[in-house]
Amino acid sequence: MTLAELAANLAKILPLVVVILWACVLLLVDLFVPKERKAWTAILAAVGMIVALGLSITQTGMNSEAFGGMIVVDGFAQFLTILVLGSGLVAVMLSYDYLTRLDIQRGEYYVLLMFSISGMILMALAADLIVIFLALELLSIPLYVLAGFARPQPASEEAAIKYFLLGAFASGFVVYGVAIVFGASGQTGLNNIFQGIQGGSVDLALLAVGAALILVGLGFKVAAVPFHMWTPDVYEGAPSSVTAFMAVGAKIGGFAALLRIFVSSFGVLAVDFTAVLWGLAVLTIILGNVVAIAQKNIKRMLAYSSIAQAGFILMALVPYGQEDVIGDAVAAALFYLLAYAFMNFAAWAVVITLEKAEGKGLAIEDYAGMGRKYPILAAIMTIAMLSFTGVPPTLGFVGKFYLFRAVIDGGFVGLALIGVLTSLVSAYYYLRVVVNMYMRPGEPVVQRDNWVYLTAAVAGIGIIVLGIFSLPLLTWAAKATMSAFS
Amino acid sequence: MNFLDFLLNPLNLVTFFPLVGVLVILFINRENSNAIRWIALIASTLTFGISLWMLVLFNPADPDLQMVVNIPWIQVAGWEISYFLGIDGLSILLVLLTTFLTPISILSTWTAVEERVKEFMLFFLLLEVGMVGVFLSLDLFLFYIFWEFTLVPMYFLIGIWGGPNRVYAAIKFFLYTMAGSILMLLAILWLGISQGTFSVPEIIAAGVIPGDIQLWLFLAFAAAFAIKVPMWPLHSWLPDAHVEAPTAGSVILAGVLLKMGTYGFLRFNLSMFPEASVRLAPWIAVLAVIGIIYGAMVSYAQKDVKKLVAYSSVSHLGFVMLGLFAINLQGIEGGILQMINHGISTGALFLVVGMIYERRHTRDMDSFGGLWKVMPVYAVLTLIVTLSSMGLPGLNGFVGEFTILLGAFGSKVLNTPWFAALAAIGIILAAVYLLYMFQKLFLGPVDKEENRVLMDMNLREIVTLVPLLIFIFWIGLYPSPFFNLMEASVAKLVENIQVAAMAGLP
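As given, the protein sequences belong to chains W and R, one line each in that order. Going by this note's numbering, the first residue of the first sequence is number 1, and it counts up by one from there. Going by this note's numbering, the first residue of the second sequence is number 487, and it counts up by one from there.
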């Protein structure tokens with residue numbers, strides 16, 4: 001590869017390059033930022049992500065390969081890149097005051113955040129199993145560290161070690177799966193594998209084993225049942241700003257890979273894997289929604305809720321072998337990820353305002369009296385909860401509508417039925433937060449934090465407004481899918 | 487359609503005008519309760535005014551949809567969702583009922599709701615938007631949004647301002663109703679995919695849904711509507727919700743929200759699934775008659791006045807269902823009129839119960855007696871309302887029930903006079919429990935010390951009730967204007983069902 005070729009290739013992935021380089025430079029710059037002025041690091045990190053976001057938007061309509069097909073720059077990648085960078089920005093907004101309050105304000109935080117984001121972006125761009133594995137590690141390792149960022153608090157340390165051990169285990173599955181797929185096909189490029197299958201040169205039984213192992217590993221990342229064990233503890237123990245980011249970011253990463261791999265290469269395995277994915281999705285939504293009912297801590301409740309939401313997104317993968325449905329299904333998954341980001345950040349922003357040092361203010365009972373004392377925050381939390389439940393007119397409703405539509409279109413009426421019934425179950429625990437806020441007396445005290453307020457307000461208004469005027473987002477998701485999988 | 491036309495379309499205005507009130511209230515200090523009450527009252531009264539304007543524009547001779555707004559909303563990747571509003575003879579009376587009962591309910595809360603007035607009025611006006619939207623929307627997606635959205639404000643109204651057991655009642659209400667609607671959601675999705683559109687008139691016009699699939703779709707829609715009505719045996723949320731809800735909430739719940747269920751059967755089940763409707767009509771009629779008699783008997787067993795009125799709704803709405811599923815002109819017309827009657831009479835009964843509860847803070851019938859001597863005006867007005875609910879000739883209830891019985895009696899679909907005969911027993915039972923209630927409250931000696939000092943109705947309370955009384959007499963004595971409004975549309979519906987059902991029969 002000549003220098004000019006290298007430059008051309010790098011230009012195609014410029015947003016990613018910017019994030020990585022910026023993070024490296026920030027690591028150095030941060031050494032010279034005094035401890036009481038860490039706001040500078042936060043702002044610089046945000047600026048870096050805004051620059052990358054701008055560059056990513058300029059790539060609209062681009063559809064090309066880089067690095068010999070190991071990377072594709074298409075609408076799908078762009079959609080997820082923008083979503084990841086947006087989430088990263090929100091994470092910075094949620095973090096700054098919160099970290100100061102918990103007395104864990106350290107510059108590495110923002111650098112780690114940016115590294116993790118670069119992993120997620122790489123995951124969206126990856127079209128080769130090796131790159132996917134690389135991206136997976138790049139997104140995960142900083143997250144392990146971030147989960148333990150509130151050290152020496154035991155809960156945070158526990159979260160980090162648990163996340164690390166199980167995450168490393170999961171990575172092992174992925175890399176073994178990649179090896180077996182390579183063994184079966186002699187290829188690691190997704191497109192090459194597909195063509196190998198078309199040409200009949202691939203051992204399908206071996207390929208299925210590899211695919212299963214990859215599914216297990218990525219299932220860990222998106223918190224699909226039965227690979228979800230780490231989720232409640234990590235979500236609870238990690239600092240809330242990290243959890244808020246991780247819930248969206250890790251899901252985006254995991255689903256980006258799952259969708260890309262299965263849809264573009266493993267269509268031939270659909271006969272077997274549709275049933276497997278069906279089972280995974282059903283288990284995930286049922287367990288997530290049912291166990292969430294028993295939770296008393298809001299972070300744990302949101303953890304199980306995020307498991308359930310992952311289950312809903314998994315539903316979109318079930319009909320992945322049907323060519324006439326899969327476009328809609330992937331678009332629905334993308335749209336749901338976006339909707340999930342909005343509701344997730346709205347809810348976590350409110351959680352962060354109420355959280356006090358040493359894990360106080362996190363019981364669902366602590367929300368009693370919010371409706372009277374802080375009507376706007378309570379309204380935002382209510383909107384988030386209703387959106388999670390899927391009550392119109394919210395983004396969550398449109399998301400579920402789109403998902404169930406794809407699922408029914410694929411002929412899985414039973415799956416859709418389970419989906420709506422578990423939504424009903426979920427109404428019970430989401431409403432419990434609302435009941436506490438509006439129907440029980442209490443004197444909660446929230447932390448004044450303008451950036452968190454802003455996040456909550458934007459997310460809350462977005463859920464309603466974008467829920468009513470969802471056409472542009474739906475079009476975007478549909479176009480993104482078309483450009484990648486047509 | 488340019489923007490101004492869109493904005494000034496009567497249907498858009500009547501649906502969304504309450505939002506103006508919402509916006510204004512948002513900017514008023516919560517301490518200023520009176521201003522908030524007035525704004526809510528004015529906003530809802532203006533909405534009623536707009537609905538009267540809509541009535542003036544309405545042409546009763548035209549059986550089709552009028553004042554239609556139909557613009558593409560979400561059209562991407564095989565979705566054909568429109569923002570589609572329209573009105574015809576099936577819905578116009580219900581829209582008027584909604585806009586009419588809302589200001590009355592708001593007026594009834596003047597002294598009853600002292601706490602968190604701001605939120606109360608916000609939720610109330612939002613609820614009105616949802617209810618009117620349900621009656622006007624003709625796109626299934628849009629309809630579902632309004633339908634499900636009404637749950638949220640009502641949930642808060644019960645849960646925040648309700649009685650001692652309000653949280654339980656509110657959650658039960660929410661979950662019960664949602665359980666039905668999610669099945670409907672699946673049916674809507676299925677229809678949208680198979681028909682390529684969510685527009686109700688287009689689906690009806692296409693008319694290609696095979697018979698056995700119609701049956702499933704009918705049942706899925708019926709699940710949502712039957713819970714809302716509520717039909718026996720799905721009624722168990724109703725007494726809880728009613729007893730715990732604040733008075734204004736009960737009025738709207740009984741007056742309008744339940745009608746969303748019966749209207750749903752009319753607009754969606756009967757219109758979109760004619761074959762299934764004809765096949766299942768006898769079964770629905772069986773449940774309706776059971777509801778009529780069961781509701782009446784359980785009413786008689788109550789000690790709490792509000793619970794008595796609540797169970798009477800189960801009985802009265804049984805009549806509506808029987809009328810609708812007689813599937814002939816009289817039956818359906820009677821059914822629609824009875825929806826209005828029930829809204830007025832039961833609404834009035836809940837108001838009356840609310841007034842006495844505000845004075846005595848109990849609804850136990852044993853704590854009263856001889857109120858006629860203490861509160862004569864109240865007693866007379868209550869008597870009229872009670873008689874109207876009983877179906878006394880000359881008052882509104884009679885016209886509706888009589889027409890329904892005629893319809894059921896001559897129904898080819900039900901094909902037996904027994905349904906009408908059994909339902910007639912319900913009328914007698916209604917007289918029993920309602921007169922029993924009246925006697926317990928008003929007749930006999932004043933044997934409780936607290937009851938001697940009760941104030942009679944004040945002007946505001948009389949103003950709240952009088953509009954309802956006017957309609958009680960008007961519909962009772964001269965119902966033809968009301969029938970005229972719906973006649974053309976109902977005739978068209980019945981004809982469509984007959985044609986479709988004939989075609990579907992082997």
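Don't be surprised by glycine CBs; every beta carbon is placed ideally from N, CA and C.
{"Asked": "Please list, in chain order, all residues of the same chain as TYR340 of chain W whose beta carbon is under 6 Å from its beta carbon, the five residues on each side excluded.", "Found": "GLN309"}
{"Asked": "Could you have a look at TRP565 of chain R and say whether DSSP puts it in helix, strand or coil?", "Found": "coil"}
{"Asked": "Hey, quick one: how far does the beta strand (DSSP E) through ASN515 of chain R stretch, first residue to last?", "Found": "ASN515 of chain R -> no beta strand (DSSP E), and no H or E assigned at all."}
{"Asked": "Relative to the C-alpha of LEU613 of chain R, which residue among R:ILE578, R:THR683, R:VAL508 is closest?", "Found": "R:VAL508"}
{"Asked": "Are the CB atoms of LEU505 of chain R and VAL615 of chain R within a distance shorter than 8 Å?", "Found": "yes"}
{"Asked": "Could you work out which residues of chain W lie near PHE642 of chain R, taking near to mean beta carbons separated by less than 7 Å?", "Found": "TYR438"}
{"Asked": "With distances taken from CA atoms, which of W:ALA456, W:TRP230, W:ALA205 is nearest ALA170 of chain W?", "Found": "W:TRP230"}
{"Asked": "Quick one: which chain W residues come within Cβ less than 7 Å of MET664 of chain R?", "Found": "LEU424, ALA427"}
{"Asked": "Look at the alpha carbon of GLY65 of chain W and the alpha carbon of ASP74 of chain W, and state the distance between them as a whole number of angstroms.", "Found": "For the sequence presented, residue 65 of chain W should be read as Glu rather than Gly. Using only the alpha carbons, I get a separation of about 8 Å."}
{"Asked": "Quick one: is GLU355 of chain W buried, meaning 16 or more other Cβ sit within 10 Å of its Cβ, or exposed?", "Found": "buried"}
{"Asked": "May I ask you to list, following chain order, the residues of the region 448-475 of chain W that have a beta carbon less than 8 Å from some beta carbon of chain R?", "Found": "SER470, LEU471, LEU474, THR475"}
{"Asked": "Kindly give me the distance between the Cβ atoms of LEU739 of chain R and HIS728 of chain R, rounded to whole angstroms, as I take these residues to be in contact under 8 Å.", "Found": "6 Å"}
{"Asked": "Out of R:LEU720, R:PRO716, R:ILE668, which one is the CA nearest neighbour of PHE707 of chain R?", "Found": "R:ILE668"}
{"Asked": "Among W:ALA303, W:ARG101, W:ILE298, W:LEU83, whose alpha-carbon lies nearest the alpha-carbon of GLN447 of chain W?", "Found": "W:ARG101"}
{"Asked": "Starting from the C-beta of MET246 of chain W, find all residues in its chain whose C-beta is less than 6 Å away, skip the five residues before and the five after it, and write them out in chain order.", "Found": "LEU143"}
{"Asked": "Can you confirm whether PHE220 of chain W, when its beta carbon is compared against all beta carbons of chain R, has any partner nearer than 8 Å?", "Found": "no"}
{"Asked": "Drop a sphere of 10 angstroms on the beta-carbon of TRP904 of chain R, count the other beta-carbons inside from all chains shown, and report buried for 16 or more, exposed for fewer.", "Found": "exposed"}
{"Asked": "When we look at the beta-carbon of PRO589 of chain R and count the other beta-carbons within 10 Å, is it buried (16 or more) or exposed?", "Found": "buried"}
{"Asked": "For VAL435 of chain W, would you say it is in contact with chain A, using Cβ-to-Cβ distances shorter than 8 Å as the test?", "Found": "Any reference to chain A falls outside this structure, whose protein chains are W and R."}
{"Asked": "Using a 10 Å radius around the Cβ and a threshold of 16 neighbouring Cβ atoms, would you call GLU365 of chain W buried or exposed?", "Found": "exposed"}
{"Asked": "For PHE32 of chain W, does the count of other Cβ atoms within 10 angstroms reach 16, so buried, or fall short, so exposed?", "Found": "exposed"}
{"Asked": "If you draw a straight line from the alpha carbon of THR733 of chain R to that of LEU869 of chain R, how long is it in whole angstroms?", "Found": "19 Å"}
{"Asked": "Assuming GLU65 of chain W is part of the beta strand (DSSP E), what are its boundary residues?", "Found": "64-66"}
{"Asked": "Quick one: does TRP676 of chain R have its CB under 8 Å from some CB of chain W?", "Found": "yes"}
{"Asked": "Please list the terminal residues of the continuous alpha helix (DSSP H) segment that includes PRO15 of chain W.", "Found": "14-31"}
{"Asked": "Can you name the residues of chain R whose CB is closer than 9 Å to the CB of ARG405 of chain W?", "Found": "GLY564, TRP565, LEU675, GLY678, ILE679"}
{"Asked": "Answer yes or no: does any C-beta atom of chain R fall closer than 8 Å to that of LEU417 of chain W?", "Found": "yes"}
{"Asked": "Would you call ASN970 of chain R buried or exposed, if buried means 16 or more other Cβ atoms sit within 10 Å of its Cβ?", "Found": "exposed"}
{"Asked": "Closest Cβ-Cβ distance between PRO393 of chain W and chain R: below 8 Å?", "Found": "yes"}
{"Asked": "Report buried or exposed for SER722 of chain R, applying the criterion of at least 16 other Cβ atoms within 10 angstroms of its Cβ.", "Found": "exposed"}
{"Asked": "Whole angstroms are fine: how far does the CA of LYS978 of chain R sit from the CA of GLN816 of chain R?", "Found": "13 Å"}
{"Asked": "Which bits of chain R does ASP409 of chain W rub up against, with CB to CB less than 9 Å?", "Found": "GLY564, LEU675, ILE679"}
{"Asked": "Using only the alpha-carbon positions, how far apart do GLY438 of chain W and MET370 of chain W sit?", "Found": "Note on identity: in this sequence residue 438 of chain W is Tyr, with Gly being the wrong assignment. Roughly 7 Å between the two C-alpha positions."}
{"Asked": "Give the range of the alpha helix (DSSP H) segment to which GLN198 of chain W is assigned.", "Found": "190-199"}
{"Asked": "So who's on the other strand from ASP850 of chain R, going by DSSP bridges?", "Found": "R:ASP790"}
{"Asked": "Among the candidates R:ASN982, R:PRO967, R:ILE657, whose CA atom is the shortest distance from the CA of VAL1004 of chain R?", "Found": "Since the first and last residues shown for chain R are 487 and 992, residue 1004 of chain R lies out of range."}
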